[in-house]
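Protein chains in written order, with the numbering used here: chain F, 1 to 349; chain B, 350 to 698; chain C, 699 to 1047. Backbone N, C-alpha and C fix where the C-beta goes; we use that ideal spot for every residue, glycine too.
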Amino acid sequence: MSSDTKTNGGNFFEDFTVGQVIRHATPRTVTEGDRALYGAIYPTRFALPSSAEFSASVGLAQHPVEELIGFHIAFGKTVPDVSLNAVANLGYAECRFHRPVVPGDTLSTTSEVIGLKQNSNGRSGVVYVRSTATNQRGEVAIDWARWVMVHKRDVDAPAPETVLPELASSVAVSDLVVPEGLGFGGYDVEAAGSPHRLGDYAVGERIDHVDGVTLTDAEHMMATRLWQNTAKVHFNTEARPDGNRLVYGGHVISLARALSYNGLANAQLIAAINAGSHVAPAFAGDTVYAWSEVLDTAELTDTVGALRLRLVATKGRDESMTLKVESEGKQKYAAGVLLDLDYWALIPR
Amino acid sequence: MSSDTKTNGGNFFEDFTVGQVIRHATPRTVTEGDRALYGAIYPTRFALPSSAEFSASVGLAQHPVEELIGFHIAFGKTVPDVSLNAVANLGYAECRFHRPVVPGDTLSTTSEVIGLKQNSNGRSGVVYVRSTATNQRGEVAIDWARWVMVHKRDVDAPAPETVLPELASSVAVSDLVVPEGLGFGGYDVEAAGSPHRLGDYAVGERIDHVDGVTLTDAEHMMATRLWQNTAKVHFNTEARPDGNRLVYGGHVISLARALSYNGLANAQLIAAINAGSHVAPAFAGDTVYAWSEVLDTAELTDTVGALRLRLVATKGRDESMTLKVESEGKQKYAAGVLLDLDYWALIPR
Amino acid sequence: MSSDTKTNGGNFFEDFTVGQVIRHATPRTVTEGDRALYGAIYPTRFALPSSAEFSASVGLAQHPVEELIGFHIAFGKTVPDVSLNAVANLGYAECRFHRPVVPGDTLSTTSEVIGLKQNSNGRSGVVYVRSTATNQRGEVAIDWARWVMVHKRDVDAPAPETVLPELASSVAVSDLVVPEGLGFGGYDVEAAGSPHRLGDYAVGERIDHVDGVTLTDAEHMMATRLWQNTAKVHFNTEARPDGNRLVYGGHVISLARALSYNGLANAQLIAAINAGSHVAPAFAGDTVYAWSEVLDTAELTDTVGALRLRLVATKGRDESMTLKVESEGKQKYAAGVLLDLDYWALIPR
């Protein structure tokens, strides 16, 4: 007697309906162990998550972990229900960090289906979800929209009515959350490692973060597992025809963000992610570099500003910092671009 | 002037006597760092060890780490004294988890020699020990019997009287410990990730856990070191003629247990290990899958039940879930079987 | 518009002046996660850092992490300012551990330039710094001197006046710090794993630590990142012509120190580092062994003694424990020697 009804095979396109709410499994308590592992896996040196003293000196009551720890954990919960049968992770929008995640917090994630569009080939469709991660007090920690292309189980299943959500191209400055207590009035630039404040960055400026890191399988698997992300392509050489383990896109985000310290040391907290594209896959042996472009600036409080940044990860260093090239009359991402992420970071004025 | 009398060369068969008690070195304090590393190395998603909130919701006063963290730490302490000169780890029996291990607990292990039998070739013998891990309050956390084949230092040393301990083929239901406070009355199946309770599992049912993980050397070495297990074959490519690092058998146990979440998400705690065989060695590059068979069921309290499970790890996925095949009139383990473990898990009724 | 003025390119020889004080960036809070990761990466089994109970039993109010965790963190902070453009790390001296580092401590490092000497080729010079790591209360945790050979940015820059600091060949016994409260009166040799006390070691004695560990890239990168050490040769296969990632010298120190448990189990705490040479580079795939030589002994309190030890790491096991050989009339390090470290450890009398 055999059973495969007890294992989760993930949802297919026809399993989703607009308005459906999915409560994802496995609440997860964040600990100091997560902070240490994050620092072992990514070359992060931002003073605020590194130092409890620095964190207290800018007014935070508890010492937060990096925003991306919360994001990856919250995101990982959605994978078994939303993207286990995904063809591709198409995009992110409207991701906001509502309050810092601190050790001891337990994160749970719920998603609502906000859009559906079957592809013209009838074999797959795009699912739009808005996911919300809450802590043990029921407070929203992070929310975001994403859309993924998901296989149909049954090609003959009827197409649902197309619903396309309206998603902002970026999070409005007025929607950026400054964590309770945060003030950069007594900010210690020496401890932080850079004198450059909001006013020192100009829209259009590009910063080559110089350093590179060569990926290993053990490291990206450990990171991805830490977030309880179950997508098999990250772990199993038998899951892909080429025998390679695909690096979780979030691993490249965290790596590029950590590399961006060298040039953006005072961009201490991520306040929002406006958009993101995983342009090309990454594998062990690839050496990842990063560069940033300043897209916008904003003043949030007397002491806290925000930089809107494009963060680009590349395979191999591109000193020219070229995002797109023209090819047959179209703009295409330049060879080597792995990630194109658009986010808001908080920085001292 | 050189000294090798200060290094531990391990015990040989003739160093053991029945009734001998060995207090193993290096007490070890468990921390949240262990939980995080366990989650980075194994794809575990059981809600209870993942979430302090979930743990509290089922009545536990403190947030336990996975039982196998305690087991591996307690077991690791015995290696330098019991199995440093082992030819093979032959079996386990009567392993009971007496109380949850929580961060802050310090584990120490003591072993008593309970049996001896020299092999007919005169070059080695089987040593039976019962090991007991206690916490800093002297309370028993875990105890188990195991037997290993150990080299003789001196082939001419006389054979000891043969003593074979009586060991139960499985831990009796009446000996299973339900942790203090544990009750599954308000159990949250959505948070746990599966609706399947005790009554949904039938004796004889087999569950293919579907997912696979390809092993790396860095990961199994980090895990094995975390347990302070010193057996050199796990770490040193010069310790084996083939130049491979042998994966610690406990690594395969933890990996298979974590994979079993997909189909056994509510089997939250391990209560006992009845028996275990490391059928074949595993190495980096192997892709490990797992399947389970329900061997028995039991009702322990109004809300807590137990599943007796056979957990089988395989190299390569075996969708047929074949344990043994007949070969020349004998039952042999099927090709690819790495581990055959028999254990009791607690699950909501 | 592009900017490379915001990234740190590190200091060159002509950027240093004697008396200059550099406050290094990124204060870092130590956590239990660091202890766990250290135990996952190095095969350490010293009872004191392993067990909070053992630590309390020898009089310590809080459970310290291994001294080398503090050292690597404190050292890592100096890399971006002192040795990013280093040709070679030439030596250490006068390193003292003033008080145990415990989880919750936040370490910051400041360096003073204490010597400068341009090389005769005019292309580089030696920079001597004394670095001091303090905790969040401003108390000195660790201080040490080191000297590195650093490239000049501009070969035509004038040579500074040569200043050579006086550095002791070893830390005087009277300068060794016994941590507050530490007493080995009730020392538990069974828990520690060895009966050998101060008086059991004789000057000149050599101990082969027997065990070996084969290096992997993932492990040394994770360790080095944990210390926020940014030297690119450790992480980036494109940073060296041979495409290998150079193992951080401190990784070899920690590995050898952990291996030395087998023979020096009671040498529980490092009190000082007298000198250290990274004799040859190490890479993934190398199997590292260690041996020690007793250089001196001292009695510090009624119950606490000190061993001055030479700790030698080798690539491949050298059972002859040969440090140097004569070659063309000169004493040279024997083939395979990776590290020659001279340190003081505290041990029960």
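*Give the range of the beta strand (DSSP E) segment to which B:Ala389 is assigned.*
Position 40 of the second sequence, counted from the first residue, corresponds to residue 389 of chain B. Note, B:Ala389: premise wrong, no beta strand (DSSP E); alpha helix (DSSP H) at Glu381 to Ile390.
*Quick one, are the C-beta atoms of B:Leu386 and B:Met571 less than 9 Å apart?*
Counted from its first residue, the second sequence places residue 386 of chain B at position 37. Counted from its first residue, the second sequence places residue 571 of chain B at position 222. Yes, these two residues count as a Cβ contact at 9 Å.
*Verify the CB distance criterion: does C:Arg797 have a CB-CB separation below 9 Å to chain F?*
Mapped onto the third sequence, residue 797 of chain C falls at position 99. C:Arg797 does not count as touching chain F.
*Through-space distance from F:Ala74 to F:Thr134, alpha-carbon basis*: Here residue 134 of chain F refers to the residue found at position 134 when the first sequence is read from its first residue. Here residue 74 of chain F refers to the residue found at position 74 when the first sequence is read from its first residue. Approximately 9 Å between the Cα atoms of the pair.
*Using alpha carbons as the reference points, say which of C:Gly883, C:Pro939, C:Ala965 and C:Thr703 lies closest to C:Leu896.*
The residue labelled residue 896 of chain C in the question sits at position 198 within the third sequence. Residue C:Ala965 is the option with its Cα nearest to C:Leu896.
*Out of B:His583, B:Asp549, B:Glu554 and B:Tyr550, state which residue places its alpha-carbon closest to the alpha-carbon of C:Leu913.*
Working through the third sequence from its first residue, we reach residue 913 of chain C at position 215. The shortest Cα separation from C:Leu913 among B:His583, B:Asp549, B:Glu554 and B:Tyr550 belongs to B:His583.
*Relative to chain F, which residues along the segment 556 to 569 of chain B have a C-beta separation below 7 Å, given in chain order?*
Contact annotation: in the segment 556 to 569 of chain B, residues whose CB is within less than 7 Å of a CB in chain F are Ile556, Asp557, His558, Val559, Asp560, Gly561, Val562, Thr563, Thr565, Ala567 and Glu568.
*asked:* Mapping the DSSP letters down to three states, classify C:Thr860 as helix, strand or coil.
replied: Taking the third sequence and counting its residues from 1, the one referred to as residue 860 of chain C is at position 162. Coil, per DSSP.
*Pull out every residue of the segment 752 to 786 of chain C whose Cβ sits closer than 8 Å to any Cβ of chain B, in chain order.*
Phe752 and His761
*Report the rounded CA-to-CA distance for F:Glu112 versus F:Gly19, giving the unit in angstroms.*
Reading the first sequence from its first residue, position 112 is the one you call residue 112 of chain F. Reading the first sequence from its first residue, position 19 is the one you call residue 19 of chain F. When rounded, the distance between both Cα atoms is 6 Å.
*Cα separation between C:Thr1001 and F:Ala47?*
Taking the first residue of the third sequence as 1, we reach residue 1001 of chain C at position 303. Taking the first residue of the first sequence as 1, we reach residue 47 of chain F at position 47. When rounded, the distance between both Cα atoms is 41 Å.
*Within 10 angstroms of its Cβ, does C:Thr742 collect 16 or more other Cβ (buried), or is it exposed?*
Within the third sequence, the letter at position 44 stands for residue 742 of chain C. Result: buried.
*So is F:Ala334 in contact with chain C if we call contact Cβ pairs under 9 Å?*
Taking the first sequence and counting its residues from 1, one reaches residue 334 of chain F at position 334. No - not a single Cβ of chain C is within 9 Å of the one on F:Ala334.
*Please report the residue range of the beta strand (DSSP E) in which B:Phe446 lies.*
By 1-based counting over the second sequence, the position of residue 446 of chain B is 97. Unbroken beta strand (DSSP E) run through B:Phe446: Ala435 to Phe446.
*What's the C-alpha gap between B:Glu568 and B:Ser400?*
Against the second sequence, residue 568 of chain B aligns to sequence position 219. Against the second sequence, residue 400 of chain B aligns to sequence position 51. If you take the alpha carbons of B:Glu568 and B:Ser400, they lie about 24 Å apart.
*Is the CB of F:Asp15 under 9 Å away from at least one CB in chain B?*
The residue you call residue 15 of chain F lines up with position 15 of the first sequence. False, the Cβ-Cβ gap to chain B never drops below 9 Å.
*Shorter than 9 Å from the beta carbon of F:Ser277 to some beta carbon of chain C?*
The residue you call residue 277 of chain F lines up with position 277 of the first sequence. No, no contact with chain C.
*Starting from F:Ala290, follow the beta strand (DSSP E) in both directions and report where the run begins and ends.*
Within the first sequence, the letter at position 290 stands for residue 290 of chain F. Taken as a continuous stretch (DSSP letters only), the beta strand (DSSP E) holding F:Ala290 covers Thr287 to Glu299.
*Between B:Val497 and B:Ser432, which are expected to be in contact by the criterion C-beta below 8 Å, what is the C-beta distance as a whole number of angstroms?*
Residue 497 of chain B sits at position 148 when you count from the first residue of the second sequence. Residue 432 of chain B sits at position 83 when you count from the first residue of the second sequence. Yes, B:Val497 and B:Ser432 are in contact; Cβ-Cβ is about 5 Å, under 8 Å.
*Give the DSSP-derived three-state secondary structure of B:Ser406 in the structure shown.*
By one-based count along the second sequence, residue 406 of chain B stands at place 57. B:Ser406 falls in the helix class under three-state DSSP.
_Residue burial classification, C:Lys1013 (beta-carbon count within 10 angstroms, cutoff 16)_ = Sequence index remark: in the third sequence, residue 1013 of chain C carries index 315 (1-based). The residue is buried, with at least 16 neighbouring Cβ atoms inside 10 Å.
*Specify the secondary structure class of B:Tyr610 as computed by DSSP and reduced to three states.*
Here the question's residue 610 of chain B lines up with position 261 in the second sequence. DSSP places B:Tyr610 within a helical segment (H, G or I) once states are collapsed to three.
_Distance, C:Gly737 Cα to C:Val838 Cα_ = If you number the third sequence from 1, residue 838 of chain C lands on position 140. If you number the third sequence from 1, residue 737 of chain C lands on position 39. Between C:Val838 and C:Gly737, the C-alpha separation is close to 25 Å.
_Rounded separation between C:Leu862 and C:Gln816 - CA only_ = Start at 1 with the first residue of the third sequence, and residue 862 of chain C comes out as number 164. Start at 1 with the first residue of the third sequence, and residue 816 of chain C comes out as number 118. Using only the alpha carbons, I get a separation of about 11 Å.
*Listing by chain order, which chain B residues have their CB less than 7 Å from the CB of F:Gly33?*
Start at 1 with the first residue of the first sequence, and residue 33 of chain F comes out as number 33. Within 7 Å Cβ-Cβ: Glu381, Gly382, Arg384, Ala385 and Leu386.
*Can you tell me which of F:Glu53, F:Gly336 and F:Ala275 puts its alpha carbon nearest to the alpha carbon of C:Gln834?*
Locating residue 834 of chain C in the third sequence gives position 136, counting from the first residue. It is F:Glu53.
*Would you report the Cα separation of F:Asp200 and B:Glu415, rounded to the nearest angstrom?*
On the first sequence, residue 200 of chain F is found 200 positions in, with the first residue counted as 1. On the second sequence, residue 415 of chain B is found 66 positions in, with the first residue counted as 1. Distance between the alpha carbons of F:Asp200 and B:Glu415 is about 49 Å.
_Own chain residues within Cβ distance below 7 Å of F:Ser124, not counting five before or after_ = In the first sequence, the residue the question calls residue 124 of chain F occupies position 124. Hits under 7 Å: Phe13, Val87, Met149, Val150, His151 and Lys152.
_Extract the residue ranges of the beta strand (DSSP E) inside the segment 213 to 280 of chain F, only unbroken runs of 3 or more that lie entirely within it._
269 to 278
_I'd like the span of the beta strand (DSSP E) that includes F:Ala47, first residue to last._
Counting from 1 along the first sequence, the entry for residue 47 of chain F is found at position 47. Not the beta strand (DSSP E): F:Ala47 falls in the alpha helix (DSSP H), residues Ala47 to Ser50.
*Since C:Pro1046 meets chain B, which of its residues come closer than 7 Å, beta carbon to beta carbon?*
Your numbering for residue 1046 of chain C matches position 348 in the third sequence. Correct list: empty, because the minimum Cβ distance to chain B is about 14 Å.
*asked:* Taking beta-carbon pairs under 8 Å, can you tell me which members of the segment 924 to 942 of chain C lie near chain F?
replied: Leu924, Gln926, Thr928, Lys930, Phe933, Asn934, Thr935, Glu936 and Ala937
*Classification of C:Asp940 by the beta-carbon crowding that lies within 10 angstroms, buried from 16 upward*: As a working note, residue 940 of chain C is residue 242 in the third sequence. Counting C-beta atoms within 10 angstroms of its own C-beta, C:Asp940 has fewer than 16 neighbours from the protein chains shown and is therefore classed as exposed.
_Using CA atoms only, rank isn't needed, just tell me which of B:Asp430, B:Gly634, B:His421 and B:Leu649 is closest to B:Val450._
Residue mapping note: residue 450 of chain B aligns to position 101 of the second sequence, counting from 1. The shortest C-alpha separation from B:Val450 is found at B:His421.
*For B:Glu675, which of helix, strand or coil comes out of DSSP?*
Numbered from its first residue, the second sequence carries residue 675 of chain B at position 326. Of the three classes helix, strand and coil, the one that applies to B:Glu675 here is strand, per DSSP.
_Cβ pair count under 8 Å reaching 3, the segment 271 to 288 of chain F against the segment 167 to 177 of chain F_ = Output reads yes: the segment 167 to 177 of chain F touches the segment 271 to 288 of chain F.
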